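Asker: Structure provided below as structure tokens; questions to follow.
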Amino acid sequence: FAFNMLPISFHHPRYLKAKTSSSSSMTTKTQLNLYQKVEDAIAEAERICAYDPTSPECKVAWDIVEELEAADSHKDGMAPAGGPDLDVLLYSFDILMKKIDGKMDQLRGTLIKLDSLGVEDPSIAELYRIADDMKEISAITKERLGR
């Protein structure tokens, strides 16, 4: 897998809005505060889901994370006209990876429950393997990026 093959375009209008230097600095500070709130929500979701990744409380906790992220995506001008700030982008990447890990834990928990209920489908074992692979790839990527 090559990182340069990611379907991410920094030519999206939200990245191209010109900002003054003070406005840009304020935007970055505000975003880091929002990212901290998202990170706190992720930690809370992980804590709640540690008991039962298939519980309604776990689902609500991850819904809160998604709502915070949606609020951020509706803000104007994520980064200066020159492109996204690397620190902000890597911080966002960290949050996304934590969220993916949590969702993979939820998936594995659900698959275990399906198996315990006697659902016999070979795709359950395959999905469990894929969830494990995603968590492993996530860990490797974070390590390579020094995160």
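Residue numbering for the sequence shown follows the numbering used here, starting at 105 and increasing by one per position.
Beta carbons are placed, not taken as given, at the ideal position from N, Cα and C, and that holds for glycine.
Only a predicted model underlies this, so the values are computations on that prediction, with no experimental measurement involved.
Quick check on DSSP: helix, strand or coil for ARG251?
Answerer: ARG251: coil per DSSP, three-state reduction.
Asker: Using the three-state DSSP reduction, which class does PHE107 fall into: helix, strand or coil?
Answerer: Its pLDDT being 38, under 50, PHE107 is placed unreliably in this model, and the value from its coordinates should be taken loosely. Correct three-state label for PHE107: helix.
Asker: Out of LYS207, THR214 and LEU172, state which residue places its alpha-carbon closest to the alpha-carbon of SER196.
Answerer: Selected option, being the one with the closest Cα: LEU172.
Asker: Use the C-beta contact count for VAL164: other C-beta atoms within 10 angstroms, 16 or more gives buried, fewer gives exposed.
Answerer: Flag for VAL164 reads exposed.
Asker: Between the segment 220-237 and the segment 197-206, can you find at least three pairs of beta-carbon atoms closer than 8 Å?
Answerer: In short, these stretches do not touch, since the Cβ pair count stays below three.
Asker: At the level of alpha carbons, what is the spacing between ILE241 and LEU231?
Answerer: So the two alpha carbons sit approximately 15 Å from each other.
Asker: Ignore the nearest five residues each way along the sequence and tell me which others in ARG151's own chain have a CB closer than 6 Å to its CB.
Answerer: Closer than 6 Å at Cβ, skipping near neighbours: no residue.
Asker: Buried or exposed: where does ARG251 fall if 16 or more other Cβ atoms within 10 Å of its Cβ makes it buried?
Answerer: With fewer than 16 other Cβ atoms within 10 Å, it is exposed.
Asker: Taking all protein chains shown into account, decide if ALA183 is buried (16 or more other Cβ within 10 angstroms of its Cβ) or exposed.
Answerer: Any reading at ALA183 needs caution, since the residue's pLDDT is 48, under 50, leaving its predicted position unreliable; the model's value is listed next. Per the 10 Å Cβ criterion, buried.
Asker: In three-state DSSP terms, what is GLY223?
Answerer: A small correction: the amino acid at residue 223 is Val; Gly does not occupy that position in the sequence shown. Residue state, collapsed to three classes: coil.
Asker: If you count every other CB in all the chains shown that lies within 10 Å of the CB of ALA145, and 16 or more means buried, which is it?
Answerer: Its Cβ being crowded by 16 or more others within 10 Å, ALA145 is buried.
Asker: Nearest-angstrom Cα distance between CYS153 and GLU161?
Answerer: About 8 Å.
Asker: Kindly indicate which three-state DSSP category PRO160 falls into: helix, strand or coil?
Answerer: PRO160 falls in the helix class under three-state DSSP.
Asker: So, LYS217 versus THR158, is the Cβ gap smaller than 8 Å?
Answerer: For LYS217 and THR158, yes; Cβs fall inside 8 Å.
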